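With the numbering used here applied, the sequence shown closes on residue 293, and no number is skipped along the way. Built from N, CA and C at the ideal position, the CB exists for glycine as well. All values derive from a computational prediction rather than experimental measurement. In what follows, a structure is listed as structure tokens, so that the remarks can point back to it.
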Amino acid sequence: MAISAKLVKELREKTGAGMMDCKKALEACDGDIEASFDWLREKGIAKSAKKADRIAAEGLSAFAINGNVAAMVEVNSETDFVAKNAEFVALVNTVCEAVAANNPADLEAAKAIEVDGKTLETTIAEASGKIGEKLSLRRIKTFTKDDNEVFGAYSHMGGKMVSIVKLADATEEKAKDIAMHVAAINPKYISQDEIPQAEKDREDAVQTEIMANDPKLANKPEKVLEGIKRGKLNKVFSEWCLLDQEFIKTPKETVAKYLGNSKVLEIARFQVGEGIEKKEENFAEEVAAQMKQ
């Protein structure tokens with residue numbers, strides 16, 4: 001039977017499951033809402049939807065390389081305990097390998113990738129229902145390279161942080177070294193040419209204000225003050241940019257010097273949970289509240 005958009009919407013509101021999952025459920029159950037709800041529950045999809053208000057800030061990141069495509073993903077869980085679960089680790093690797101194999105345009109396209117007849121979104125939802133925690137594919141990043149370019153990838157702390165770089169005129173060993181540096185230092189840009197002018201202007205204003213409030217600089221000539229400010233700005237911008245940073249393996253030389261004729265084309269770094277506001281637990285208050293019940 002034909003499944004109307006109204007019916008799909010009704011099931012979505014009842015379960016919180018995705019539109020495509022609701023449509024599949026209704027098609028499988030001949031449009032019966034209750035049977036479709038049970039169908040989603042059996043697959044763990046409706047059950048996981050009830051966890052939508054929970055904060056999933058733990059989890060794992062991973063990388064995978066498939067020929068001239070490299071991918072990195074972050075899959076979140078609610079607790080670090082689940083992140084160490086072998087089933088969850090296998091799920092993250094499956095997701096990452098699928099992303100590398102299909103090179104999706106964005107996160108939504110990644111969720112729609114099918115593995116063994118199921119979309120990644122459904123696979124993650126089913127795992128969520130089985131494991132008992134909210135799981136979510138938070139973000140992806142893919143790279144493509146030419147045959148004469150190389151990827152470097154690095155995973156730290158068992159997947160709490162991953163990085164990938166793409167280099168030209170370089171060896172895989174050198175690329176991995178740069179990926180390790182990116183993971184450790186987290187540069188904002190490759191070179192100072194990439195810093196937006198607005199960001200440079202903002203930092204200029206900050207340094208100008210700092211210097212204006214420094215009594216030691218009160219009687220310095222304008223030309224001297226400009227020289228001091230240039231030095232301060234150059235120090236800040238160098239700290240932001242990969243090529244100007246001191247290389248972690250040989251701190252007496254910059255990354256640019258270590259690279260020699262090699263060129264860094266792209267860099268990316270994921271750290272699990274960065275930017276997610278985590279819920280702070282106050283166990284004393286929680287116990288006290290339970291005692292009053």
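> With 16 as the cutoff for other CB atoms within 10 Å, does MET161 come out buried or exposed?
Replying inline: Counting from one through the sequence shown, the residue named residue 161 turns up at place 161. Label assigned to MET161: buried.
>> For a test of the three-state rule: what should DSSP assign to VAL165, helix, strand or coil?
In response: Locating residue 165 in the sequence shown gives position 165, counting from the first residue. It is a strand residue.
> Based on the DSSP secondary-structure assignment, which residues constitute the bridge partners of GLU274?
Replying inline: For the purposes of this step, residue 274 is taken as residue 274 along the sequence shown, with counting starting at 1. Note: GLU274 sits in no beta bridge, so no partner.
>> On the DSSP bridge list, what partners appear for ASN76?
In response: As a position in the sequence shown, residue 76 is number 76, starting the count at 1. The partner list for ASN76 (beta bridge, DSSP) reads GLY59, SER136.
> In chain order, which continuous runs of the alpha helix (DSSP H) of length 4 or greater are located wholly inside the stretch 189-255?
Replying inline: 197-212, 222-240
>> Quick check on PHE283: buried or exposed, where buried means 16 or more other Cβ atoms within 10 Å of its Cβ?
In response: Within the sequence shown, the letter at position 283 stands for residue 283. Per-residue confidence for PHE283 stands at a pLDDT of 42, beneath the threshold of 50, marking its modelled position as unreliable; the derived number appears in the next sentence. The residue in question, PHE283, is exposed, as its Cβ has fewer than 16 Cβ neighbours within 10 Å.
> Does the Cβ of GLN197 have 16 or more other Cβ atoms within 10 Å, making it buried, or fewer, making it exposed?
Replying inline: Here residue 197 corresponds to residue number 197 of the sequence shown, with the count starting at 1. By the Cβ neighbour-count rule, GLN197 is exposed, with fewer than 16 other Cβ atoms within 10 Å of its own.
> Which residue's Cα is closest to the Cα of LYS235: PHE247, GLN192, LEU225?
Replying inline: The residue labelled residue 235 in the question sits at position 235 within the sequence shown. It is GLN192.
> What did DSSP end up calling PHE283 once you bin it into helix, strand or coil?
Replying inline: Counting from 1 along the sequence shown, the entry for residue 283 is found at position 283. Low confidence applies to PHE283: its pLDDT is 42, below 50, so where it sits in the model is not reliable, and the reading given next is rough at best. Of the three classes helix, strand and coil, the one that applies to PHE283 here is helix, per DSSP.
>> Looking at the strands, I want to know which residues DSSP matches up with GLY105.
In response: For the purposes of this step, residue 105 is identified with residue 105 of the sequence shown, where counting begins at 1. For the sequence presented, residue 105 should be read as Ala rather than Gly. DSSP output for ALA105 lists no bridge partner at all.
>> Under DSSP, the alpha helix (DSSP H) around ALA17 begins and ends at which residues?
In response: Along the sequence shown, one-based indexing puts residue 17 at 17. Looking at the DSSP string, ALA17 is not in any alpha helix (DSSP H), and its letter there is neither H nor E.
>> Using a 10 Å radius around the Cβ and a threshold of 16 neighbouring Cβ atoms, would you call PRO187 buried or exposed?
In response: Reading the sequence shown from its first residue, position 187 is the one you call residue 187. Label assigned to PRO187: buried.
>> On the CB-based measure, 16 or more other CB atoms within 10 Å of its CB, does VAL206 come out buried or exposed?
In response: Indexing the sequence shown from 1 puts residue 206 at position 206. Classification for VAL206: exposed.
>> Only counting the same chain, and skipping five residues up and downstream in sequence, which positions put a Cβ closer than 8 Å to that of THR250?
In response: Here residue 250 refers to the residue found at position 250 when the sequence shown is read from its first residue. Here the set comprises TYR258.
> Is the CB-CB distance between ARG269 and SER163 below 8 Å?
Replying inline: Counting from one through the sequence shown, the residue named residue 269 turns up at place 269. Counting from one through the sequence shown, the residue named residue 163 turns up at place 163. The answer is yes: Cβ separation under 8 Å.
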